[in-house]
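Enquirer:
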Amino acid sequence: MPLFWRIFLLNAVVLLAATTLLLLGPVTVSTPVLLTEAVILVSGLAVMLIANAFLLRFGLGPLGRLARSMATVDLLRPGPRPVAPGHGEIAELVTAFNAMIGRLEAERAASSGRALSAQEAERHRIAQELHDEIGQSLTAVLLDLKRVADQAPAPVREQLHDVQETTRASLDEIRRIARRLRPGVLEELGLTSSLKALTSEFTGPSMSVRHHIDAHLPPLDHDTELVVYRVAQESLTNAARHSGARAVDVTLKLTPAGVELSVRDDGHGIHGAPEGAGISGMRERALLIGADLTVGPGIGSGTEVRLVVPTHHGSH
Numbered sequence: 001m002p003l004f005w006r007i008f009l010l011n012a013v014v015l016l017a018a019t020t021l022l023l024l025g026p027v028t029v030s031t032p033v034l035l036t037e038a039v040i041l042v043s044g045l046a047v048m049l050i051a052n053a054f055l056l057r058f059g060l061g062p063l064g065r066l067a068r069s070m071a072t073v074d075l076l077r078p079g080p081r082p083v084a085p086g087h088g089e090i091a092e093l094v095t096a097f098n099a100m101i102g103r104l105e106a107e108r109a110a111s112s113g114r115a116l117s118a119q120e121a122e123r124h125r126i127a128q129e130l131h132d133e134i135g136q137s138l139t140a141v142l143l144d145l146k147r148v149a150d151q152a153p154a155p156v157r158e159q160l161h162d163v164q165e166t167t168r169a170s171l172d173e174i175r176r177i178a179r180r181l182r183p184g185v186l187e188e189l190g191l192t193s194s195l196k197a198l199t200s201e202f203t204g205p206s207m208s209v210r211h212h213i214d215a216h217l218p219p220l221d222h223d224t225e226l227v228v229y230r231v232a233q234e235s236l237t238n239a240a241r242h243s244g245a246r247a248v249d250v251t252l253k254l255t256p257a258g259v260e261l262s263v264r265d266d267g268h269g270i271h272g273a274p275e276g277a278g279i280s281g282m283r284e285r286a287l288l289i290g291a292d293l294t295v296g297p298g299i300g301s302g303t304e305v306r307l308v309v310p311t312h313h314g315s316h
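In the UniProt record's numbering, the protein residues as written are 1 to 316.
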C-alpha cells in the first residue's frame, strides 16, 4: 500500500474511533474539562502521534538510506546499490535511482573509452612525429656537427664536441619520451617484456625499481595489456615525482581473483591527500576492462597501487 494511503487510513481510523466514542459512548467533555476527560483526550492524541511517528519512521527510512547513497555515490568507485523495499512508491524511487546510476556508469564508461582511445591515438601521432621529424632532424644535426668538427681547428673542435654531446642527450631524451608515449615494445614483445623495460627506464641514482613477474600468466587481450602497462607507468611516474621513494617493487602475478599488478614504494605515502588526475585516469582505465583498482598505504610505509584484472584463469 502506498505511504500516502497508509498514513491517511491510520489517521482516519483514529479519528473515526474518537468520533464513535464521542457519539455513541458515555464519553463527554465538560466545561471546565475534568481530569479524567483530559487524560482520555491526551492519551488518544498520544496514541495517534505515536502511531504516525512509527509509520513515518519505518515508511520513510528507505528515503534516508537513499539520500546517503546519493551523497556518497562515486562513478569511479562502483559500490553496492540501495535495496528497493517492497513494491510501493519508495521502492519505485530506489529502482529508478539504481537505473539512473547504471545509465550514468554506462555512459561514463563509453565516453571514457572514446576519450582514452583518442588519447592513445594522439600519443601515437606525437610519438611518431617526435621519432620521424625531430629525431631525424637532430640526427642530421649530429652528422653535420661531426663533419664540421673534423675540419675545425682544435679549440673550436672541443666546443663542437660539447655541442654534439648536448645534442645527443637531447636526442636520447626525445626517444625516451616517444617510447613513453607509444610503448612499441608492448606491441612487439608483450606485457612482460614491456614492464621489465619500464622498470629499467625508471631505475636511476635516486630510485631503484625491482620487478617480480610470474613466468606463466594467462593471455590478455591488447586493451587489457595496455591498461596494465599504463597503470604501472603512471604509478612509477607518481613514485618518482611525488613520493620521495628510494625503492619500488613492481609485481605481476596470478591470484585466485585474477591477474594482479602491484606497484609498492617506500616513500612518504599519500596521507589522505586528494586524488589527482593521474589516479582518476587509472580508475577510468580500470573500469573499462572491469578491473578493480585500489590506492592506499603500503606495508609499513609508502604507497601501494593494486590492479586486479579478473580472468577465467584466476580460479585455477
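Cβ coordinates follow ideal geometry from the N, Cα and C atoms, glycine included.
On a CA-only basis, which of 83, 71, 61, 8 is nearest residue 48? Give me that one, please.
Expert: It is 8.
Enquirer: Identify, in the order they occur along the chain, each residue of the same chain with its Cβ nearer than 6 Å to the Cβ of residue 234, setting aside the five sequence neighbours on each side.
Expert: Excluding sequence neighbours, residue 234 sits near 278, 282.
Enquirer: Please report the distance separating the alpha-carbon of residue 61 from that of residue 212.
Expert: Their backbone Cα atoms lie some 50 Å apart in a straight line.
Enquirer: With distances taken from CA atoms, which of 135, 300, 259, 276 is nearest residue 309?
Expert: Checked all of 135, 300, 259, 276; the closest Cα to residue 309 is 259.
Enquirer: Distance, Cα to Cα, residue 313 vs residue 218?
Expert: Low confidence applies here, because residue 313 scores a pLDDT of 48, under 50, leaving its location unreliable; read the following figure in that light. Rounded to the nearest angstrom, the two C-alpha atoms are 7 Å apart.
Enquirer: Touch check for the segment 115 to 125 and the segment 87 to 99: three-plus C-beta pairs under 8 Å?
Expert: No, they do not touch.
Enquirer: Can you tell me the Cβ-Cβ gap for residue 243 and residue 251, rounded? I've got them flagged as a contact below 8 Å.
Expert: Not confirmed; about 17 Å, so no contact.
Enquirer: Taking residue 220 and residue 191 to be in contact with their CB atoms under 8 Å, please state how far apart those CB atoms are, rounded to whole angstroms.
Expert: Yes, residue 220 and residue 191 are in contact; Cβ-Cβ is about 7 Å, under 8 Å.
Enquirer: Taking only the alpha-carbon atoms, compute the straight-line gap between residue 167 and residue 138 and give it to the nearest angstrom.
Expert: Taking the straight line from one Cα to the other gives about 7 Å.
Enquirer: Only counting runs of 4 or more residues, tell me where the alpha helix (DSSP H) segments fall wholly within the segment 128 to 156, in order along the chain.
Expert: Counting whole runs of 4 or more residues, the segment 128 to 156 contains the alpha helix (DSSP H) stretches 135 to 151.
Enquirer: Of all the options 254, 209, 200, 226, which has the alpha carbon lying nearest to the alpha carbon of residue 181?
Expert: Out of 254, 209, 200, 226, 226 has the C-alpha closest to the C-alpha of residue 181.
Enquirer: Who does residue 208 pair with in a DSSP beta bridge?
Expert: Its beta-bridge partners are 247.
Enquirer: For residue 160, which of helix, strand or coil comes out of DSSP?
Expert: Residue 160: helix per DSSP, three-state reduction.
Enquirer: For the alpha helix (DSSP H) holding residue 231, just list the boundary residues, first then last.
Expert: It spans 222 to 238 - the alpha helix (DSSP H) in which residue 231 sits, taken as one unbroken run.
Enquirer: Does the Cβ-Cβ distance between residue 269 and residue 297 come in under 7 Å?
Expert: Yes, these two residues count as a Cβ contact at 7 Å.
Enquirer: For residue 194, is the classification buried or exposed, using 16 other Cβ atoms within 10 angstroms of its Cβ as the cut-off for buried?
Expert: Looking at its Cβ environment, which holds 16 or more other Cβ atoms inside 10 Å, residue 194 is buried.
Enquirer: In the DSSP assignment, what are the bridge partners of residue 293?
Expert: Residue 293 pairs with 307.
Enquirer: Let me make sure I understand the geometry here. Which of 154, 157, 232 has the alpha-carbon closest to that of residue 186?
Expert: The shortest C-alpha separation from residue 186 is found at 232.
Enquirer: Sorted by chain position, which residues of the same chain lie with C-beta nearer than 6 Å to residue 305's C-beta, five sequence neighbours on each side aside?
Expert: Excluding positions up to five away in sequence, the list reads 235, 263, 295.
Enquirer: Hey, could you find the ends of the alpha helix (DSSP H) residue 278 is sitting in?
Expert: Taken as a continuous stretch (DSSP letters only), the alpha helix (DSSP H) holding residue 278 covers 277 to 288.
Enquirer: Kindly give me the distance between the Cβ atoms of residue 247 and residue 208, rounded to whole angstroms, as I take these residues to be in contact under 8 Å.
Expert: The pair is a contact, with the Cβ atoms about 5 Å apart (cut-off 8 Å).
Enquirer: Residue 57 to residue 96, Cα distance in whole Å?
Expert: The alpha-carbon atoms of residue 57 and residue 96 are separated by roughly 22 Å.
Enquirer: Could you name the residues of the same chain whose beta carbon sits closer than 8 Å to that of residue 51, not counting the 5 residues immediately before and after it, in chain order?
Expert: Hits under 8 Å: 10, 14.
Enquirer: The alpha helix (DSSP H) that contains residue 185, what's its start and end?
Expert: Residues 184 to 189.
Enquirer: Rounded to whole angstroms, what's the CA-CA distance from residue 16 to residue 74? Just pull it up for me.
Expert: Each residue's Cα considered, the two are about 49 Å apart.
Enquirer: Going by the CB atoms, is the gap between residue 174 and residue 143 shorter than 7 Å?
Expert: Going by C-beta atoms, residue 143 is not nearer than 7 Å to residue 174.
Enquirer: Does DSSP put residue 264 in a helix, a strand or coil?
Expert: Looking at residue 264 - three-state DSSP - the assignment turns out to be strand.
Enquirer: Using a Cβ-Cβ cut-off of 6 Å (strictly less than) and excluding sequence neighbours within five positions of residue 299, which residues of its own chain qualify?
Expert: Excluding sequence neighbours, residue 299 sits near nothing in its chain.
Enquirer: On the criterion of 16 or more Cβ atoms from any shown chain inside 10 Å, does residue 265 qualify as buried, or is it exposed?
Expert: When all chains shown are included, residue 265 counts as buried.
Enquirer: Measure the alpha-carbon distance for residue 215 versus residue 196 and round it to whole angstroms.
Expert: Their Cα atoms are separated by approximately 13 Å.
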